[in-house]
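This report refers to the structure that appears directly beneath it.
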Amino acid sequence: MRVLTGIQPSGDLHIGNYFGSIKQMVEAQKTSQTFAFIANYHAMTSVTDGAKLSELTMQCATDFLALGIDPDKSTFWVQSDVKEVLELYWILSSFTPMGLLERAHSYKDKTARGIASNHSLFSYPVLMAADILLFGSEIVPVGKDQIQHVEIARDIAIKFNNQYGDILTMPEFRVQEEVQTVPGIDGQKMSKSYGNIVNIFGEEKKQLKTIKKIVTQNVAMEEPKEYENCNVYNMAKLFLEGDNLIELQERYKRGGEGHGHFKIYLGEVMWEYFKEFREKREYYEKNQDEVREILNLGANKAREIALSTIEKIRSATGIKY
Ligand code: ADP
Ligand code: TRP
Numbered sequence: 020m021r022v023l024t025g026i027q028p029s030g031d032l033h034i035g036n037y038f039g040s041i042k043q044m045v046e047a048q049k050t051s052q053t054f055a056f057i058a059n060y061h062a063m064t065s066v067t068d069g070a071k072l073s074e075l076t077m078q079c080a081t082d083f084l085a086l087g088i089d090p091d092k093s094t095f096w097v098q099s100d101v102k103e104v105l106e107l108y109w110i111l112s113s114f115t116p117m118g119l120l121e122r123a124h125s126y127k128d129k130t131a132r133g134i135a136s137n138h139s140l141f142s143y144p145v146l147m148a149a150d151i152l153l154f155g156s157e158i159v160p161v162g163k164d165q166i167q168h169v170e171i172a173r174d175i176a177i178k179f180n181n182q183y184g185d186i187l188t189m190p191e192f193r194v195q196e197e198v199q200t201v202p203g204i205d206g207q208k209m210s211k212s213y214g215n216i217v218n219i220f221g222e223e224k225k226q227l228k229t230i231k232k233i234v235t236q237n238v239a240m241e242e243p244k245e246y247e248n249c250n251v252y253n254m255a256k257l258f259l260e261g262d263n264l265i266e267l268q269e270r271y272k273r274g275g276e277g278h279g280h281f282k283i284y285l286g287e288v289m290w291e292y293f294k295e296f297r298e299k300r301e302y303y304e305k306n307q308d309e310v311r312e313i314l315n316l317g318a319n320k321a322r323e324i325a326l327s328t329i330e331k332i333r334s335a336t337g338i339k340y
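Quick note: the numbering used here has the sequence shown finishing at residue 340, numbered continuously throughout.
See below:
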């Protein structure tokens with residue numbers, strides 16, 4: 020099975036990214052052929068400061084390695100190092116009906132939030148389809164918000180194959196059902212572009228400060244509290260299992276504690292959960308040359324596969340003359 024996922028280097032990685040995507044990818048390394056890349060072209064839809072984008076790209080690579088992407092098991096690279104993806108993006112554009120993009124929720128959500136509407140934001144799903152189809156991906160682990168984009172990639176692949184024969188592999192999304200969409204501190208989907216994240220590798224004090232801002236219901240300390248729709252609980256449950264999770268539910272139901280107590284608890288379990296990853300991150304932070312070397316080797320491996328697909332496409336479409 021070929022499993023592929025990408026992540027935008029558009030800000031600090033957050034717990035939604037980890038549980039919605041990275042964790043699945045790390046697990047998939049045990050059984051599948053895995054491809055993970057840093058979607059820096061995609062990030063240009065929100066990061067237009069050049070120095071910042073290049074810094075965030077290295078930061079994201081460092082984070083990925085710290086979180087368990089293993090370059091011996093996964094092909095791991097930066098999107099812009101395999102330029103064939105842009106060629107495929109253009110070719111697929113001719114098989115992308117406008118209506119398909121007009122229906123994309125992500126575009127509508129982002130523009131509704133005031134993010135400038137421009138062509139790259141609109142055609143974003145076509146570039147994502149190119150990422151997926153260039154590498155013959157079979158499974159694409161994503162958060163719930165990205166399901167539609169994988170479906171768009173399938174629609175485009177079907178249209179392309181109808182015209183030129185069975186060249187592109189049909190991808191399928193994979194969502195970790197129990198994770199779904201991780202809420203941000205404002206209760207909306209946690210997203211780097213919405214300024215509502217709890218990041219993975221922050222300083223402890225700053226992290227607690229962010230956690231304290233999580234929006235909660237206003238219920239008196241002594242009253243029992245609902246945990247199902249509580250943003251603090253919905254984050255904490257990602258880090259807990261078995262008895263620990265039940266105990267937290269009991270604490271909500273019992274009353275006598277405020278949301279502030281649950282926030283402190285969330286800060287503690289989260290800090291403990293990422294401890295080993297933080298140590299690994301320190302190593303890669305000090306050895307950025309090693310990170311660059313890993314990315315280079317990854318790009319070479321990725322390019323080999325990209326070239327074999329694009330050659331077939333160039334022949335079939337007549338671009339090769
Ligand atoms: P962001 O929205 O923060 O910019 P990306 O779009 O780069 O994140 O998403 C990278 C991966 O993380 C995708 O697979 C996406 O579905 C997943 N993801 C992002 N936010 C969440 C969330 N709040 N809950 C679950 N998964 C998420
Ligand atoms: N669009 C994805 C996101 O915002 C990131 C991404 C780009 C991606 N290309 C991809 C994810 C290909 C999976 C496969 O989350």
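For each residue, glycine too, the CB sits at the ideal point set by N, CA and C. Quick caveat: nothing in here was measured; it's all calculated off a predicted structure.
C-beta contact flag for residue i and residue j at 7 Å
{"i": "residue 243", "j": "residue 282", "result": "no"}
{"i": "residue 6", "j": "residue 65", "result": "Residue 6 is absent from the model: the chain starts at 20 and stops at 340."}
{"i": "residue 59", "j": "residue 99", "result": "yes"}
{"i": "residue 267", "j": "residue 38", "result": "no"}
{"i": "residue 148", "j": "residue 175", "result": "yes"}
{"i": "residue 278", "j": "residue 235", "result": "yes"}
{"i": "residue 186", "j": "residue 325", "result": "no"}
{"i": "residue 62", "j": "residue 28", "result": "yes"}
{"i": "residue 309", "j": "residue 81", "result": "no"}
{"i": "residue 97", "j": "residue 321", "result": "no"}
{"i": "residue 107", "j": "residue 153", "result": "yes"}
{"i": "residue 151", "j": "residue 116", "result": "no"}
{"i": "residue 110", "j": "residue 79", "result": "no"}
Whole-number beta carbon distance between residue j and residue i, since they are thought to touch under 8 Å
{"i": "residue 156", "j": "residue 21", "result": "5 Å"}
{"i": "residue 47", "j": "residue 300", "result": "Actually they do not touch by this definition, with Cβ atoms about 21 Å apart."}
{"i": "residue 215", "j": "residue 207", "result": "6 Å"}
{"i": "residue 307", "j": "residue 77", "result": "7 Å"}
Neighbourhood of residue i by C-beta distance below 8 Å, restricted to the same chain and skipping five residues each side
{"i": "residue 44", "result": "22, 24, 53, 55, 88, 93, 160"}
{"i": "residue 182", "result": "114"}
{"i": "residue 112", "result": "142, 145"}
{"i": "residue 241", "result": "274, 275"}
{"i": "residue 246", "result": "252, 267, 268, 271, 272"}
{"i": "residue 221", "result": "31, 229"}
{"i": "residue 51", "result": "20, 21, 22, 158"}
{"i": "residue 318", "result": "96, 97, 100, 101"}
Residue i beta carbon near ligand 3 (any heavy atom closer than 6 Å)
{"i": "residue 167", "result": "In the structure on display, ligand 3 does not appear, and the ligands it does have are ligand 1 and ligand 2."}
Cβ neighbours of residue i in the same chain (closer than 7 Å, five flanking residues each side left out)
{"i": "residue 223", "result": "290"}
{"i": "residue 141", "result": "120, 126"}
{"i": "residue 333", "result": "339"}
{"i": "residue 124", "result": "167"}
{"i": "residue 331", "result": "186"}
{"i": "residue 13", "result": "An answer regarding residue 13 cannot be provided, because it is not within the stretch 20 to 340 covered by the chain."}
{"i": "residue 292", "result": "258"}
Other residues of its chain near residue i: CB distance less than 6 Å, five sequence neighbours each side excluded
{"i": "residue 103", "result": "325, 329"}
{"i": "residue 30", "result": "211"}
{"i": "residue 90", "result": "313"}
{"i": "residue 179", "result": "114, 187"}
{"i": "residue 231", "result": "282"}
Contact with chain D by residue i, beta-carbon distance below 7 Å
{"i": "residue 23", "result": "Absence of chain D from the displayed structure is noted, only one protein chain being present."}
*Validate contact between the segment 195 to 203 and the segment 26 to 44 using beta carbons, cut 8 Å, 3 pairs*: yes
*Is the segment 156 to 174 touching the segment 183 to 198 in the sense that three or more CB pairs, one from each, lie closer than 8 Å?*
yes
*Uninterrupted alpha helix (DSSP H) stretches inside the segment 235 to 280 (no shorter than 4 residues)*: 250 to 255, 261 to 273
*Report yes or no: do three or more beta-carbon pairs, one from the segment 309 to 325 and one from the segment 255 to 272, lie closer than 8 Å?*
Taking 8 Å as the limit for Cβ pairs, the verdict is that the segment 255 to 272 does not touch the segment 309 to 325.
*Do the segment 286 to 296 and the segment 239 to 253 make contact, defined as three or more Cβ pairs closer than 8 Å?*
no
*Can you list the alpha helix (DSSP H) stretches of 4 or more residues lying completely in the segment 144 to 195, in chain order?*
With a minimum length of 4 residues, the continuous alpha helix (DSSP H) runs that stay inside the segment 144 to 195 are 166 to 183.
*Can you check the segment 45 to 106 for any beta strand (DSSP E) of at least 3 residues that lies completely inside it and give the ranges in chain order?*
DSSP runs (the beta strand (DSSP E)) wholly in the segment 45 to 106: 52 to 57, 93 to 97.
*Can at least three beta-carbon pairs, one atom from the segment 126 to 137 and one from the segment 170 to 188, be found at a separation below 8 Å?*
no
*Complete alpha helix (DSSP H) runs within the segment 276 to 327 (minimum length 4 residues, chain order)*: 278 to 292, 294 to 305
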